[in-house]
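Here is the structure we will look at, set down as structure tokens.
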Amino acid sequence: MMQPMTKALLALVLGVLTMQAADQTKASQTTNTTALATFGGGCFWCTEALFERVKGVKSAVSGYTAGKTENPTYKHVCSGLTGHAEVIQVEYDPKQVSYETLLEIFFDTHDPTTLNKQGADEGTQYRSIILYHDDAQKQVAEKVKKASAANYKDPITTEIVPFKKFYVAEDYHQDYFAKNPNAPYCAFVIRPKLQKFLQKKAKS
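Numbered per my numbering, the sequence shown spans residues 23 to 226.
Structure representation (structure tokens):
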């Protein structure tokens, strides 16, 4: 017949089990770590379609941020009165693609020199903006912005500001290009931009 455990032995066993569980959790977090990047470069339908095709990107979600209105709707944001910008929030694997590479793609796939405007889309909601999640991202954003300036004749207007809150856009905005490939905006604005991006990517 087994003797009952003493309090000291029981505490020791529980301590070992707790340490093992913590080690397993830590290992799991290390192998499954992803990071977030948030930025906007015009209509989020475009940026979402582009970044969903970048290796290492797990997801790209369209939404709103950097404004004063809580829980904004697309209609509210389009009024230009909320202060929000159309952005995407990218979840990515840093082991497959770096934050710096994501920002290089960001600057290369929109015009960061046009204030509150991308093509025919005009308004503060279409401004070029990077929202950093920590100091390391801030430093990388400033570095890439400075380096990208050499590619443009006019000054870059891209805002670099701290991330505060992200509001997910309505369901019909998510994967918009994939769901509506023949819609006029998708056919005449997004598709040419996407083809150009994919062709350049294939050559690199």
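Every residue gets a Cβ at the ideal spot worked out from N, C-alpha and C, and that includes glycine.
Based on Cα-Cα distance, which residue from Leu103, Gln140, Thr123 and Lys97 lies nearest to Gly78? Thr123
Expressed to the nearest angstrom, what Euclidean distance is found between the alpha-carbon atoms of Asp157 and Lys167? 15 Å
Distance between Thr60 and Ala44 (C-alpha atoms, nearest Å): With a pLDDT of 42 at Ala44, under the threshold of 50, the modelled position of that residue is not reliable, and the figure given next carries that caveat. So the alpha carbons of these two residues sit roughly 31 Å apart.
Let's test the definition: count the other Cβ atoms within 10 Å of the Cβ of Ala172 and tell me whether it reaches 16, buried, or not, exposed. exposed
Can you tell me which residues form a DSSP beta bridge with Gln140? Asp143
Under three-state DSSP, which class holds Ser150? strand
Per DSSP, Gln217 is paired with what? Looking at the DSSP assignment, Gln217 forms no beta bridge with any residue, so it has no partner.
Beta-carbon contacts of Thr52 that lie in its chain and below 6 Å, excluding the five residues immediately before and after: For Thr52, the pLDDT reaches just 35, beneath the cut-off of 50, and the residue's location in the model is therefore unreliable, leaving the point undetermined.
List the endpoints of the continuous beta strand (DSSP E) containing Val119. That residue, Val119, is in no beta strand (DSSP E); it is neither H nor E in DSSP.
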